[in-house]
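Q: Take a look at the following structure, please.
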DNA sequence: TTCCGGCGCC
DNA sequence: GGCGCTGGAA
């Protein structure tokens, strides 16, 4: 089926993407918030700043001053809102015991709780669930939408959950597969399926959509 | 729909 | 100097 074929083709073309590099899972969740509408390169700078200050720890990060936090995450942009978003998330985390790994609630419950946090929307919530908590949730982002749109697989106004279930219902419920697929779509979106000046001539998916 | 924003690339 | 970046809120 198509959804599977797209994955196989992308995997054969690009290989393992190795998302998402980290020392701790908290770092993954923090990265998920910092990377909102932001190039990963800039998020890395911010995370390295936090690491250098020894602040990649929930309690320490919550105790740092607002100005200091903003200064450290500044390279990731939107630093005023992101500082607040990080604090909101960390407060939630501590209400839940302070450790992502020890949260044993079912995925839907956690997702709903994450979505209540101001500054965490569907994509960020699902990124945290998938990449930091190893829950089988497919992450839908702008690249995903664009790739599917350009191949006419979804409607113009298809909403988040519709796209998400398209993947989840056509793939085995496999965390590693979901992680890899999303990473591969991002790779495709950067290399070929760009918003501007798309490289359709060399698109690895071209062979799947040739009609003659 | 618009704002939030630093950063690197064309 | 303009544009897009592993979005979300109002």
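Numbering (our numbering), first residue to last: 44 to 255. We put the CB at the ideal spot given by N, CA and C, even for glycine. All figures in this text were calculated on a predicted structure; none of them were measured in a lab.
#1: Whole alpha helix (DSSP H) runs in the region 188-222 with 4 or more residues, listed along the chain?
#2: So, helix, strand or coil for residue 159, using DSSP?
#3: Using three-state DSSP, classify residue 150 as helix, strand or coil.
#4: State buried or exposed for residue 227, treating a residue as buried only when at least 16 other CB atoms are found within 10 Å of its CB.
#5: Near residue 116, which residues of its chain fall below 8 Å by C-beta distance, leaving aside the five closest residues on each side in sequence?
#6: In its own chain, which residues sit with a C-beta less than 7 Å from the C-beta of residue 48, not counting the 5 before and 5 after it?
#7: Looking at the unbroken alpha helix (DSSP H) that takes in residue 108, where does it start and where does it end?
#8: Tell me the DSSP secondary structure of residue 81 in three-state form.
#9: For the alpha helix (DSSP H) that residue 128 lies in, which residues bound it at each end?
#10: Cα separation between residue 213 and residue 46?
#11: From residue 68 to residue 143, what distance separates their C-alpha atoms?
#12: Measuring alpha carbon to alpha carbon, tell me which of 71, 159 and 135 ends up nearest residue 87.
#13: Check whether the Cβ atoms of residue 179 and residue 218 sit closer than 7 Å, and answer yes or no.
#14: Taking three-plus beta-carbon pairs below 8 Å as touching, is the region 189-199 in contact with the region 163-177?
#15: For the structure I just gave you, are there three or more beta carbon pairs, one from the region 181-191 and one from the region 232-246, closer than 8 Å?
#16: Got a sec? Which residues, its chain only, sit under 7 Å from residue 101 by beta carbon, not counting five neighbours each side?
#17: Quick one, are the C-beta atoms of residue 118 and residue 85 less than 7 Å apart?
#18: Among residues of its own chain, excluding the 5 on either side of residue 60, which ones have a beta-carbon nearer than 7 Å to its beta-carbon?
#19: So, residue 56 versus residue 241, is the Cβ gap smaller than 7 Å?
#20: In chain order, what residues of the same chain lie with their CB nearer than 6 Å to the CB of residue 203, ignoring the 5 residues before and after it?
A: With the structure as the only source:
#1: 203-211
#2: Numbered from 1 along the first chain, position 116 holds the residue referred to as residue 159. Reduced to three states, the DSSP call for residue 159 is helix.
#3: For the purposes of this step, residue 150 is identified with residue 107 of the first chain, where counting begins at 1. DSSP places residue 150 in helix when its eight states are reduced to three.
#4: Indexing the first chain from 1 puts residue 227 at position 184. With 16 or more Cβ atoms within 10 Å of its Cβ, residue 227 is classed as buried.
#5: Here residue 116 refers to the residue found at position 73 of the first chain. Result list for residue 116: 77, 89, 92, 93, 122, 125, 126 and 129, in chain order.
#6: Residue 48 sits at position 5 when you count from the first residue of the first chain. Excluding residues within five positions, the ones whose Cβ falls inside 7 Å are 251.
#7: Position 65 of the first chain, counted from the first residue, corresponds to residue 108. Per DSSP, residue 108 belongs to no alpha helix (DSSP H) and is neither H nor E.
#8: As a working note, residue 81 is residue 38 in the first chain. Residue state, collapsed to three classes: coil.
#9: Translated into the one-based positions of the first chain, residue 128 becomes position 85. Per DSSP, residue 128 belongs to the alpha helix (DSSP H) from 122-138.
#10: Residue numbering aside, residue 213 sits at position 170 when the first chain is read from its first letter. Residue numbering aside, residue 46 sits at position 3 when the first chain is read from its first letter. Cα to Cα, residue 213 sits roughly 6 Å from residue 46.
#11: Position 25 of the first chain, counted from the start, is the residue given in the question as residue 68. Position 100 of the first chain, counted from the start, is the residue given in the question as residue 143. Approximately 7 Å, taken between the alpha carbons.
#12: To locate residue 87, count along the first chain from 1; it is residue 44. The shortest C-alpha separation from residue 87 is found at 71.
#13: For the purposes of this step, residue 179 is identified with residue 136 of the first chain, where counting begins at 1. For the purposes of this step, residue 218 is identified with residue 175 of the first chain, where counting begins at 1. Going by C-beta atoms, residue 179 is nearer than 7 Å to residue 218.
#14: Counting Cβ pairs under 8 Å, fewer than three are found: no touch.
#15: Contact holds: three or more Cβ-Cβ distances are below 8 Å.
#16: Against the first chain, residue 101 aligns to sequence position 58. So the qualifying residues of the chain are 69, 133, 136, 137 and 141.
#17: In the first chain, the residue the question calls residue 118 occupies position 75. In the first chain, the residue the question calls residue 85 occupies position 42. Cβ distance < 7 Å, so residue 118 and residue 85 count as in contact.
#18: Taking the first chain and counting its residues from 1, one reaches residue 60 at position 17. Cβ within range, chain order: 223, 226, 227 and 230.
#19: If you number the first chain from 1, residue 56 lands on position 13. If you number the first chain from 1, residue 241 lands on position 198. Contact flag unset, no.
#20: Position 160 of the first chain, counted from the start, is the residue given in the question as residue 203. Same-chain partners within the cutoff: 165 and 183.
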